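Going by the numbering used here, the first residue of the sequence shown is number 188, and it counts up by one from there.
In this text, a Cβ means the ideal position worked out from N, Cα and C, and glycines have one as well.
This structure is a prediction, so every number in the text was calculated from the model and none was measured.
Below is one structure, written out as structure tokens; comments come after it.
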Amino acid sequence: MAGSKHPHSDDETAAPPISLFIPMFETFRRELDEHHDRRERIVKAARDITALSKKMIFSLQRVRTLSHPLPPAVTKENHPWQSQIISLFASLTPDLQGLNVFRYQRNISGGIQEYIEAISFQHYLETQQLITFSEAQAKLPPGIKLTEDDYVLGLFDLVGELMRFAITSMATTGALPRGAPPEGGDDGEGREILTDLRSLRTCLESLYTTSRGTDFISLKRDVEKKMEVMRTCVEKVEIAVYGMIIRGGERPKGWVPDLGGG
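See below:
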């Protein structure tokens, strides 16, 4: 009949089919959201760890002796900062398991290196020894992996702190820092810090950074950048010692050498 309306067929009222790809992309979206959230947590924690480690280092620079326990005031000041650092590392343990240890290595690396610099500086002040890899790993919570790369790069940065410690000590005491005499030693004198700096420079310069694969490229770049800084730091102490020996009697107490913008 003219003008009459026919009812819609089943094909016209059915909902459009859902693509089979949508659930797959929903999974990808969830995984990416989790990845970005995890990375942001790690980056933020690494920044906080770096800042707290620097506070520890600044406090340790008030020390003026080698091979002795830290002054109680420095220990009291550093204890809460180190506790916060350990808590931050522990909070990242679930995010740094399995393949994620390597996936987010570059994100946490800066914080680990700064912490290694702080604890190695403290270890040296107390013992006049270089902290070993196993000793440094023991200073981290279980589940946080210390790589050989971060350990070595942290030691490169340690040289700069030893340089500041040596020059500040010379300016305030008029003498190069020297450790306690060895037990049973004949000379009755401890080792000077410049001797240790030169030994550390020799060891770091012996690193061979050109024979490994593509995973070694980033470390090679970091080592090359830090190597020149490390050498400059040791040379500054040498120059300061030479000046103290040659012209030291002509300079007032508290004089600090001009090291060319260091």
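A buried status is given to Y311, since no fewer than 16 other beta-carbon atoms sit within 10 Å of its beta-carbon. Per the DSSP secondary-structure output, R365 pairs in a beta bridge with E379. Contact between the segment 372-392 and the segment 335-352 is present, with at least three C-beta pairs closer than 8 angstroms. Looking at S307, L275 and I432, the one whose alpha-carbon comes closest to that of Q248 is S307.
Close CB contacts of L327 within its chain, under the 7 angstroms cut and outside five residues either way in sequence, are with F276 and L333 (chain order). Minimum Cα-Cα distance from G285 among the listed residues I331, S254, I273 and M211 corresponds to I331. For V421, the three-state secondary structure derived from DSSP is helix. Here I380 has A353 and P364 as same chain residues with Cβ atoms under 6 angstroms from its own Cβ, once five neighbours each way along the sequence are excluded. Leaving aside the five residues that flank E301 on each side, the residues in its chain whose CB is nearer than 6 angstroms to its CB run, in chain order, T237 and S240. Annotation note: the segment 229-297 contains the following uninterrupted alpha helix (DSSP H) runs of length 4 or greater, listed N- to C-terminal: 259-279 and 287-290.
For R290 against S356, the beta-carbon gap comes to about 43 angstroms, at or over 8 angstroms, which does not count as contact. For the pair E370 and H255, the Cα-to-Cα distance works out to about 14 angstroms. Nearest in C-alpha terms to A427, of all of L394, L406 and M350, is M350.
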